[in-house]
Every structure is written in structure tokens, then in C-alpha cells.
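I have placed the structure first, in the form of C-alpha cells, so that the comments after it can refer back to it.
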Amino acid sequence: MGVGITVENLNAWFGKHHALHDVSMIADANKCTAIIGPSGCGKSTFIRCLNRMHEVIPEARATGSVRVGEVDIYNGTSAVQVRRRVGMVFQRPNPFPSMTVFDNVAAGLKLNGIAPGKKELEELVERALRGAALWDEVKDTMKKKSGASLSGGQQQRLCIARTMAVEPEVVLMDEPCSALDPISTGKIEELIFQLKEKFTIVIVTHNMQQAARVAEFTGFFLMGRLIEFDRTEKVFTKPSDKRTEDYITGRFG
Amino acid sequence: MSNAALGAPLPSGADEPGKALEVAPAIPKKTDISRAWFGDKSFYAIVVACGTSVLVIVGLILYELISRSDLAWKAFGFKFFVGQDWDPVNDHYGALPFVYGTVVSSLLALLLAVPVSMGVAIFITEMCPRRLKTFLSFMTELLAAIPSVIYGLWAIFVLVPLLRENVEPFLIKTLGWTGLFAGQPFGIGMLAAGIILAIMVVPIISSMAREVMTAVPSAQREAVYALGATRWEMIRMGVLRNARAGIVGGVILGLGRALGETMAVTMVIGNRPEISKLTEALFAPAHTMASVIANEFSEATGDLYLSALIEVGLALFVVTVIVNILAQLLVWSVTRGMPARGNG
Ligand SMILES: Nc1ncnc2c1ncn2[C@@H]1O[C@H](COP(=O)(O)OP(=O)(O)O)[C@@H](O)[C@H]1O
Ligand SMILES: [Mg+2]
Chain A
1 MGVGITVENL
11 NAWFGKHHAL
21 HDVSMIADAN
31 KCTAIIGPSG
41 CGKSTFIRCL
51 NRMHEVIPEA
61 RATGSVRVGE
71 VDIYNGTSAV
81 QVRRRVGMVF
91 QRPNPFPSMT
101 VFDNVAAGLK
111 LNGIAPGKKE
121 LEELVERALR
131 GAALWDEVKD
141 TMKKKSGASL
151 SGGQQQRLCI
161 ARTMAVEPEV
171 VLMDEPCSAL
181 DPISTGKIEE
191 LIFQLKEKFT
201 IVIVTHNMQQ
211 AARVAEFTGF
221 FLMGRLIEFD
231 RTEKVFTKPS
241 DKRTEDYITG
251 RFG
Chain B
1 MSNAALGAPL
11 PSGADEPGKA
21 LEVAPAIPKK
31 TDISRAWFGD
41 KSFYAIVVAC
51 GTSVLVIVGL
61 ILYELISRSD
71 LAWKAFGFKF
81 FVGQDWDPVN
91 DHYGALPFVY
101 GTVVSSLLAL
111 LLAVPVSMGV
121 AIFITEMCPR
131 RLKTFLSFMT
141 ELLAAIPSVI
151 YGLWAIFVLV
161 PLLRENVEPF
171 LIKTLGWTGL
181 FAGQPFGIGM
191 LAAGIILAIM
201 VVPIISSMAR
211 EVMTAVPSAQ
221 REAVYALGAT
231 RWEMIRMGVL
241 RNARAGIVGG
251 VILGLGRALG
261 ETMAVTMVIG
271 NRPEISKLTE
281 ALFAPAHTMA
291 SVIANEFSEA
301 TGDLYLSALI
311 EVGLALFVVT
321 VIVNILAQLL
331 VWSVTRGMPA
341 RGNG
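Top to bottom, those sequences are chains A and B. According to the numbering used here, the first sequence is numbered sequentially starting from 1. According to the numbering used here, the second sequence is numbered sequentially starting from 1.
Dropping the structure here:
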């Protein structure tokens, strides 16, 4: 089951560059929340703060509070524990090229010490691959083919399977379709509808139609600030801020 | 394979720090202006000549080695490499003790150098602060630039007495029961050679490992982190796993260097053509293929004696060339096909 995320006064820096200013919002459990905005406005920075991936970059830091469920992830817990509960799918598919498709999915399970038995491992991998709508395409070759031998869209679904396999409560997606063709994009959007039953989803997207299709809530970022956050229909039909209206009507960005 | 020559056993103690020579004759674009055309043509010709001359030199060296070792080959055949007797007085030659010395001292060097090199490479690429990074890389590379005779001197005056008076007696006392540390603590011998070789190959292996580890895209590191990995798990799964072919290539490159190293080894190994008992192998004096050539070449008066030494050189040449080619192929397999770091 998914859990909600509560963000309060989140600020983030890259060295001296102040990339996020006082962001506060709530992402509901088992809903999809979309983050939109022009390039460089801090969308990636924002979602990378939700699983403490931001701090992987040298000299990057963040302040404020982010609660995943009841846990304040920047206080009294470790980044490793946070990332086990909050999974992430990246903009470019990044399967492990030196592992088979099967081992790619099993990687997280092995890391986290889940699934001691061989049979149980196979079941969990199958479940994750089915969940990512990839099972039928790879079931015969998954123990021979490298993860890098799949097509771009399959690779991204493999990354989704790898993330789902460790059963996180939240899945973050940073423009998961921007490197994919329309058909693969459609498959992943369909997948997001199913994933919502099990996880809370926060998705960054460049594509406003995509946000309108998959997300119940949408946040609009501009220059490191959250300008507007509301139900998706409201943001796209009756935005309360002039800058949001300018963006969604294509006047800039 | 222009860089193959680097692995050749130069008598001066091949000191190149494992850098590959790049000779890539780029095909120049044609222009309409005849002066530029002529310039292009002559430049092209010069570059091609330089490129091929490397191959010609390697070929000529090989030819000389083969033709001059002919006498010994005819006299002993393949038994030359399995014979244990190296007896210039009776004009009977078997090279096994040198093969043994070269192989064992080089493997010992790798045994000591590989863990240290991996530690150095992992520390530099994954852990140390950015400013220290450049400094440390520079310092390890500097180690490769020290002439091997200097290492030899240091070994004679510092390492060997230390081994003789402290390390070897200590090993005999505490680990003697394992059966691997028996014999006399001479100081000079296989262990000293292995240690000095290890110090000399650490810069090669660690800089190669550093290079291939840096070539692993950051997207791979982040993918592992995002699954909830600790830093060590990330290094293991995200970095080492992706770089392993290149790391093995670096190790083999180090092996090539250790096999051919002459000066420092001959100064500390004891230069005795004997295969000692397994239990005493570590402390006993030995001889290597490179060191016997360097030591006995000037006094090799008989034709057969000279020919035998050249045959040792031929064997060393062939082995090091193969080892270097193998290493280079492995390193390429990693550094090609991988986008630079910071991608994704
Ligand atoms: N690794 C980094 N180092 C320094 N600055 C960065 C880094 N990544 C992003 N930034 C800066 O932070 C700001 C927000 O970037 P980002 O969150 O990637 O934007 P978006 O995902 O919305 O396109 C930009 O001004 C960008 O230049
Ligand atoms: Mg981005």
C-alpha cells in the first residue's frame, strides 16, 4: 500500500545555487501527483529530495521537512532506509548492462535481503515483471539476455519492474517517457493506472497531456518555486495563477 | 598493435608507465587548393610511415630474436624450457629456473598489488574529496615515473635489511606452522622481488582501474542507490561490476610490466638459477628471465651460451606481447561503448 508524502518548507541547494525555495505540498496516498514546469525549474531536484537522492551529488544539500507516511526522512532515519521505501525510475532507462533481465529485477531483492529461496525469488521476479507489463515479452529469454539488449521502452519497463520488486510504498518517476516513442509511452501510462493501486506515484513530466491523463493532482514549478498545486482539472482549466495559465496555454516554456 | 612493443624487455628496464602509444593515421579531407593538397598528402605519408615503422621495428626485433636463438633451439628443442640445469661451464642450458622465477615473482607481485590498487582506485574515484582526488591521482602516477634502478637502490638499502632483520624472522616465528615460511631469512630473494614489483605495478593497475571506474556512467550508480544500497553495495554492484573487464585488463597490464621488469628485480632477487622447495620458495634467492639476460649477456662468450640467452629473451618477448595485447583488448571493451560519466 502507498503512503502519503507531506513536504514542508523544502529548500535545496547545489553548492551556492539555491535551486528550490520553500516548497510545501501534500501528495496523497495511492494517487498520482504530476510535477510540471519548464526545463531547469527544479522538478528533478524536487523529486530527488523525496528519496534523498539529491544528496548523492557532491555539495548538494536540502533543508525542511519531508514526511513519508509518519517518517520524517531527513530526521532520525538513514538515506538507505528511505530509498527502500521510496523507489525511483529515471529519465533515461538505466538497466544494469552486465546483468540478465532476471538479475536486473532480482538485484534490489538481493540487496535488501528479501527472498532467501530460489523459488520465492523466481515468483517475486515474475510478479514484478507482470506488474510492469513486461512478462510476456521476456519470459523465455530473461535468464539469457542482458538488460541492455531490450528496446528503450522495454528497458524502462524493466526499470519499473526492478523498482516494484522491492515493494516500495512510493514510486518517483522523473520524465519516464521522455526518451521513448509514443507506443512505449502509451504502455507506461497504462501501467501507471495499475501501479496506483499499490503505490503512491509522483511523476515529473514535460508533457501536459500526460499529466492531464494520469494524475489526480498537479503541481506547477517555476524558477525553483511551487507556483500552483491543485487537482489536475483545476490546474488545467481554471488555474488561479497567471503564470500557470501562461505556461499551460503555451505562452512560454 | 603498435603498443605491443612497450611490453618488450628493453635491457634498460622498460620504464614506460603503461601508456599506450596511439598511432591513428587519420584520412585527411581533400581540398581544391593544390598547396593544401600537397601538404595533406605529405602529412598523410609521414603519419603512415611513422605508424608502419612501429610495426616494422617489432617485426625486425622478432626476426633477430628468432634467427639468433636458432643454435640453442636446434641443440635443446623444447627441452630448453623444461630443463632445470643452467650450466655455462659444460655448455648445457635449461631455462626452467628463470621461467619459474619470472612467473612466481610476478604472481606474488600481483597478489600483493591487486588489493592495494583496488583500494587506491576505489578511494580516489568514490570516496575522497574532489581536491584531494587530483593530488592523489598525480602522486600515484608519479610512482610510475621513478626509474626502476631507484626502486632497486631503495630495496637494497631499506627493504632488504627490514625483511632480513624483522619481517622474515617474524613470519617464520608466527606463521612458520603454515609451511610456507620456512628457510633462511636472507632478505634478498623472491619475497623482496615480489614486494618491489608490487610497488612498481600498483600505479599501473590503480590508474587503469580508476580510469574504467570513472567511465561507469553516474546513471548506473544512481540506479543502485535508488534501490536502497549502501555505499559499499553501490560500489560493488554499480561500479566494480560494470568495470570488471577493464579492471582485469589493468591487472594483466600490470602483469606484463612485472614479467619484463629487470633492473629492480635483479638487484634484490639474489640471481641464483634454482627452483627451491615450495616451503622455502618465498625467502630463497631466485633468478628471472629478464635478470639472467641482463646479468650474463656481457660474459656470454660461447655461441651456444649467447644463443641460449637470446632464446630466453624471445620467450619473454612473446609472452609479454601477448599479455599486453590481451590487457589492451579488455580495457577497450570497457572504455569504449560507455558514455562519459555524468550522463543521465
Ligand atoms: N548536478 C547539478 N549541479 C549543479 N546545478 C544543478 C545540478 N543539477 C541541476 N542543477 C541546477 O538546478 C536547477 C534545477 O534543475 P533541475 O531540477 O534538473 O530542473 P528540471 O528537472 O526542472 O529541468 C537548474 O538551474 C540546474 O541548472
Ligand atoms: Mg529534469
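By construction, the Cβ of each residue, glycine as well, lies at the ideal position given by its N, Cα and C atoms.
Could you tell me if the beta carbon of residue i falls within a distance shorter than 7 Å of some heavy atom in ligand 2?
{"i": "residue 44 of chain A", "result": "yes"}
{"i": "residue 175 of chain A", "result": "yes"}
Run down chain B in chain order and give the residues with a C-beta less than 7 Å from the C-beta of residue i.
{"i": "residue 254 of chain A", "result": "Nothing can be reported for residue 254 of chain A, as the shown portion of chain A is limited to 1 through 253."}
{"i": "residue 116 of chain A", "result": "Those do not exist, as residue 116 of chain A stays about 17 Å from chain B at its closest Cβ, beyond 7 Å."}
{"i": "residue 94 of chain A", "result": "219, 220, 223, 344"}
Report the CB separation of residue i from residue j in whole angstroms; it is logged as a contact under 8 Å.
{"i": "residue 81 of chain B", "j": "residue 95 of chain B", "result": "6 Å"}
{"i": "residue 257 of chain B", "j": "residue 200 of chain B", "result": "7 Å"}
{"i": "residue 25 of chain A", "j": "residue 219 of chain A", "result": "6 Å"}
{"i": "residue 98 of chain B", "j": "residue 189 of chain B", "result": "The Cβ separation is near 15 Å, so there is no contact."}
{"i": "residue 159 of chain A", "j": "residue 89 of chain A", "result": "5 Å"}
{"i": "residue 182 of chain B", "j": "residue 279 of chain B", "result": "4 Å"}
Would you say residue i touches ligand 1, meaning its beta carbon is less than 7 Å from a heavy atom?
{"i": "residue 19 of chain A", "result": "yes"}
{"i": "residue 248 of chain A", "result": "no"}
{"i": "residue 57 of chain A", "result": "yes"}
{"i": "residue 64 of chain A", "result": "no"}
{"i": "residue 229 of chain A", "result": "no"}
{"i": "residue 41 of chain A", "result": "yes"}
{"i": "residue 313 of chain B", "result": "no"}
{"i": "residue 37 of chain A", "result": "yes"}
{"i": "residue 220 of chain A", "result": "no"}
{"i": "residue 14 of chain A", "result": "yes"}
Residue i versus chain B: which residues are under 9 Å apart at the beta carbon?
{"i": "residue 58 of chain A", "result": "129, 130"}
{"i": "residue 87 of chain A", "result": "226, 227, 228"}
{"i": "residue 84 of chain A", "result": "227, 228"}
{"i": "residue 166 of chain A", "result": "227, 228"}
Here's the rule I'm using: 16 or more other beta-carbon atoms within 10 Å means buried, otherwise exposed. How should residue i be labelled?
{"i": "residue 14 of chain B", "result": "Unreliable placement is indicated for residue 14 of chain B, whose pLDDT of 40 sits below 50; the coordinate value is still reported in the next sentence. Flag for residue 14 of chain B reads buried."}
{"i": "residue 85 of chain A", "result": "buried"}
{"i": "residue 108 of chain A", "result": "buried"}
{"i": "residue 46 of chain B", "result": "exposed"}
{"i": "residue 340 of chain B", "result": "Any reading at residue 340 of chain B needs caution, since the residue's pLDDT is 35, under 50, leaving its predicted position unreliable; the model's value is listed next. Result: exposed."}
{"i": "residue 210 of chain A", "result": "buried"}
{"i": "residue 174 of chain A", "result": "buried"}
{"i": "residue 43 of chain A", "result": "buried"}
{"i": "residue 210 of chain B", "result": "buried"}
{"i": "residue 346 of chain B", "result": "Residue coverage of chain B in this structure runs from 1 to 344, which leaves residue 346 of chain B outside it and unanswerable."}
{"i": "residue 183 of chain A", "result": "exposed"}
{"i": "residue 76 of chain A", "result": "exposed"}
{"i": "residue 177 of chain B", "result": "exposed"}
{"i": "residue 320 of chain B", "result": "buried"}
{"i": "residue 167 of chain A", "result": "buried"}
{"i": "residue 2 of chain A", "result": "buried"}
{"i": "residue 9 of chain B", "result": "Per-residue confidence for residue 9 of chain B stands at a pLDDT of 41, beneath the threshold of 50, marking its modelled position as unreliable; the derived number appears in the next sentence. Label assigned to residue 9 of chain B: buried."}
{"i": "residue 343 of chain B", "result": "Its pLDDT being 32, under 50, residue 343 of chain B is placed unreliably by the model, and the measurement read from it follows with that caveat. Exposed, since its Cβ has fewer than 16 Cβ neighbours within 10 Å."}
{"i": "residue 12 of chain B", "result": "Note on residue 12 of chain B: pLDDT 42, under 50, position unreliable in the model; the coordinate value appears next. By the neighbour-count rule (16 or more Cβ atoms within 10 Å), residue 12 of chain B is not buried but exposed."}
{"i": "residue 4 of chain B", "result": "Unreliable positioning characterises residue 4 of chain B in this predicted model, as indicated by a pLDDT of 41, which lies under 50. The coordinate reading is nonetheless provided below. The residue in question, residue 4 of chain B, is buried, as its Cβ has 16 or more Cβ neighbours within 10 Å."}
{"i": "residue 150 of chain B", "result": "exposed"}
{"i": "residue 127 of chain B", "result": "exposed"}
{"i": "residue 287 of chain B", "result": "buried"}
{"i": "residue 155 of chain A", "result": "buried"}
{"i": "residue 76 of chain B", "result": "buried"}
{"i": "residue 90 of chain B", "result": "exposed"}
{"i": "residue 21 of chain B", "result": "With a pLDDT of only 48 at residue 21 of chain B, under the threshold of 50, the placement of this residue in the model should not be trusted; the figure read from the coordinates follows. Residue 21 of chain B is exposed by the Cβ-count criterion."}
So which residues of chain A does residue i contact, with C-beta pairs closer than 9 Å?
{"i": "residue 328 of chain B", "result": "Those within 9 Å of residue 328 of chain B in chain A number zero; the least Cβ separation is about 20 Å."}
For residue i, return the contacting residues in chain B, with the cut-off set at a CB-CB distance below 8 Å.
{"i": "residue 223 of chain A", "result": "By Cβ distance, chain B contributes nothing, its closest Cβ being about 24 Å from residue 223 of chain A, past 8 Å."}
{"i": "residue 53 of chain A", "result": "222, 225, 226"}
Residues of chain A with CB under 7 Å from residue i, in chain order?
{"i": "residue 230 of chain B", "result": "80"}
{"i": "residue 164 of chain B", "result": "Ordered by position in chain A, no residue passes the 7 Å Cβ test against residue 164 of chain B, which lies about 46 Å from the chain."}
{"i": "residue 267 of chain B", "result": "Ordered by position in chain A, no residue passes the 7 Å Cβ test against residue 267 of chain B, which lies about 42 Å from the chain."}
Under 8 Å Cβ-Cβ, which residues of chain A neighbour residue i?
{"i": "residue 237 of chain B", "result": "96, 107, 111"}
{"i": "residue 233 of chain B", "result": "111"}
List the residues of chain D that residue i touches, going by C-beta distances under 9 Å, in chain order.
{"i": "residue 241 of chain B", "result": "Note that chain D does not occur in the displayed structure, where the protein chains are A and B."}
Please give the ranges of any alpha helix (DSSP H) in the segment 275-319 of chain B, keeping only runs that are unbroken, at least 4 residues long and fully inside the region. 289-296
Which ranges would you report for the alpha helix (DSSP H) in the segment 126-189 of chain A if only whole runs of at least 4 residues count? 135-138, 152-165
Residue ranges of each beta strand (DSSP E) within the segment 40-87 of chain A, 3 or longer: 60-68
Run through the segment 207-239 of chain B for me and flag every whole alpha helix (DSSP H) of 4 or more residues, listed as ranges in chain order. 218-226, 231-234
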